[in-house]
Amino acid sequence: MTGTLRARAAASGAQVKQVSYTRGFTYSTQVLRLTLPGSTGASQTLLVTNDIQHGPLPALKGVGQATVTTTFRPEDPQAQAAYARAFPDRQPQVQTVIGLAGDTHSRVDVPGGTLTEQGTTVNWQALGGTVDVQGNDTRLNLSWPGLTVSDPGDGDPTTGTIGRVTLTGENRRNGPADPIGLGRASLTLDRAALQGDGASMNLTGLNISADTAAQGNYLNSTVKYDVGTLSLPGPDGAAQSLRDLQLHLSLGHLAREPLARLLVLLNDAPRELDGAQPGQPDSAVSDPLAGLSAAQQTQARADLLAVLQDNPVLTLDRLNVTQPAGNVTLTGRLALPGAARLNDSQLQALSDQPAALLPLTDLQLKLSATWDALNTLFGNFGPLAQMADIDTLISAGYLTRSGDQLGLDLRFDQGRATLNGQSME
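Numbering (numbering that gives the first Met the number 0), first residue to last: 0 to 424.
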């Protein structure tokens, strides 16, 4: 388990060190120090304690099994004191049962509670769920009823609410070294609200889902963001309500083998960069290939070329906003058929001359909306309404109109641009 934790932590820039290990006949205790990189440069350190029951009959579960109860606490004394106030009776824990074949069943348990700090009170419900690993298959199921936050302020209270949150997923890898895996995941949020300063924001029915599937030697991935309703203050202060917000994206025809090799190389790069190039300038650190050897960089570019030359396609399946007067919908498609002509030196030049991608690109964007729906959407966003009105856009040829229906069709065909069928050259 420690080796797995170290590998996963290193991939994200974290570090794991063993602080102590005490072994008994049927019971052992291990303490690890997990150092997480901070977003502002200051790292955060957690102490991870594994209480391990093992032996011929660990916890009377069965021959050959072990039960690991994992708890966490901040190493910083002040943070540890706040953590103790948040969980005075029982700490969050993960209990894992390890079977003979190495399969694991983990149960996550975060107790509910209430904490008041500097006048702000947070009340949260208990979080629970399971994580199962069987060979190369992983299944996740977490559920959290949510929390409330209240701040009295200076006579102007602010309150926030998060409703039930669920996270489910399943992933299957070809083997331990497979960095991609196939499967799906879904995050749902029943509702969220924020009220204060005379205004309010309300959201219901948020669902985020992702799916990765194989088609021969290629991968197809989709991600979907859906919101049932969203209410927020408009430009004039009055509440504006939107519903059926949808953003659906897909990325298809990704060559799986070169993409997997590329991801492995890039995952290794931060670890090599930390130890091999401490004196390099910031520009070198921002280069994802900077931590690779010359041979690895050559291999990475070859794999990237192989992915691009197999003509992957990014599709905007749907970007939709529903208004009382109708829908405003945007769809699109981006492909790189010209990438088949790229060589290694041209690929390297693209980082300095991204405009050179245009002659290689096929791009299509289509807008469909009713006049009233688009006009209402423009009114909800003051800057858009100030830039241009719909009649001006129609007379300038940016929009077409057929009855109450508006449309836009923008295309780039490897350097040739058209708008609504008319050349833009």
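Positions of the beta carbon are idealized from the N, C-alpha and C atoms, including for glycine. No experiment lies behind these values; they were computed from the predicted model shown.
Any idea if residue i is buried or exposed, counting beta-carbon neighbours within 10 angstroms, 16 or more meaning buried?
i	result
L341	buried
T69	buried
V18	exposed
F24	exposed
A368	buried
G274	Summary for G274: the model assigns pLDDT 41, below 50, so the residue's position carries little reliability; its value from the coordinates is reported in the next sentence. The residue is exposed, with fewer than 16 neighbouring Cβ atoms inside 10 Å.
D302	buried
G290	buried
L272	With a pLDDT of only 40 at L272, under the threshold of 50, the placement of this residue in the model should not be trusted; the figure read from the coordinates follows. With 16 or more Cβ atoms within 10 Å of its Cβ, L272 is classed as buried.
R255	buried
T211	buried
L99	exposed
Would you list the one or two residues that DSSP bridges to residue i?
i	result
W143	V164
L104	The sequence shown places His at residue 104, rather than the Leu named in the question. H104 is bridged to V96, D131.
I51	S27, V67
D361	A334, D412
W123	G112, L146
On the DSSP letters alone, give me the boundaries of the alpha helix (DSSP H) that residue i sits inside.
i	result
D343	343 to 349
D390	389 to 394
Closest by CA to residue i, which one among the options?
i	options	result
L146	P175, L114, D155	L114
T187	L193, P257, G168	G168
L373	D361, D390, Q94	D390
F86	V67, G98, Q124	Q124
A81	E116, Q92, P311, Q64	E116
Q421	S401, A395, G402	A395
V47	P178, V30, N310	V30
R172	D371, L362, R183	R183
D88	V109, E74, G227	V109
L35	G227, T21, D102, A13	A13
Tell me, to the nearest whole angstrom, how far the beta carbon of residue i is from that of residue j; I am working on the premise that it is less than 8 angstroms.
i	j	result
G128	V107	5 angstroms
Q245	R317	5 angstroms
G406	T399	5 angstroms
T330	K365	5 angstroms
L288	L253	In fact, because the Cβ distance is near 19 angstroms, the residues do not count as touching under 8 angstroms.
V96	T66	5 angstroms
G195	T158	7 angstroms
L262	P178	4 angstroms
What span of residues does the beta strand (DSSP E) with residue i cover, start to end?
i	result
I97	92 to 97
P323	Looking at the DSSP string, P323 is not in any beta strand (DSSP E), and its letter there is neither H nor E.
Q245	238 to 254
L181	181 to 195
Q214	198 to 214
R84	From DSSP, R84 is part of no beta strand (DSSP E) but of the alpha helix (DSSP H) over 76 to 85.
Q308	Q308 -> not in any beta strand (DSSP E); alpha helix (DSSP H) instead, spanning 293 to 308.
R22	14 to 22
N173	From DSSP, N173 is part of no beta strand (DSSP E); its letter is neither H nor E.
R340	Note, R340: premise wrong, no beta strand (DSSP E); not H, not E.
Any chance the CB of residue i is under 7 angstroms from a heavy atom of the ligand GTP?
i	result
P257	As far as ligands go, the structure on display features none, and thus does not contain the ligand GTP.
Check the Cβ-Cβ distances between residue i and every residue of chain D, and say whether any is below 8 angstroms.
i	result
D403	Of the chains in the structure shown, none is chain D; there is only one protein chain.
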